[in-house]
Amino acid sequence: CPSGDGSIVTKPRYARGTCSGSGRNHATQRHATPRNAMPLSDVPAPLLWTLPIAVIFAREFIEAFVIVGNYRTLVATSSWDEARKKAGMRTISIAFAIAFAIAF
Numbered sequence: 016c017p018s019g020d021g022s023i024v025t026k027p028r029y030a031r032g033t034c035s036g037s038g039r040n041h042a043t044q045r046h047a048t049p050r051n052a053m054p055l056s057d058v059p060a061p062l063l064w065t066l067p068i069a070v071i072f073a074r075e076f077i078e079a080f081v082i083v084g085n086y087r088t089l090v091a092t093s094s095w096d097e098a099r100k101k102a103g104m105r106t107i108s109i110a111f112a113i114a115f116a117i118a119f
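The sequence shown begins at 16 in our numbering and counts up one residue at a time.
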């Protein structure tokens, strides 16, 4: 890009857009991006799988197991006969398996 005094100024690798020809530093122009800016598509996959995301997934799994455990306890401590308890436990287990499969 030409600078104001007629000499050639090289554009920094982080500058985006076309040259305005004003001679100002590209880093101060509106089309420049910060040096540490990186499109999400250029971020390696391991950086996207961070500890906070893993903690969120773990918390959701624990919550699901607690809820299913509560339903199973409710059925186990009910006054139902054994055949109905067994059917209730089976229904809870099938529903949990379907929900788990849909989640993945």
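In this text, a Cβ means the ideal position worked out from N, Cα and C, and glycines have one as well. Treat the numbers as computed from the prediction; the structure is a model and nothing was measured.
A straight line joining the alpha-carbon of aspartate 96 with that of valine 90 spans about 10 Å. Per DSSP, reduced to three states, the secondary structure at serine 108 is helical.
Ranked by how close their Cα comes to the Cα of threonine 106, the residues Val83, Ile117, Ser93, Phe119 have Val83 in first place. Here the alpha carbon of valine 81 sits roughly 25 Å from the alpha carbon of tryptophan 64.
Each of Phe119, Ile68, Met104, Ile71 was checked against the Cα of threonine 88, and the nearest Cα belongs to Met104.
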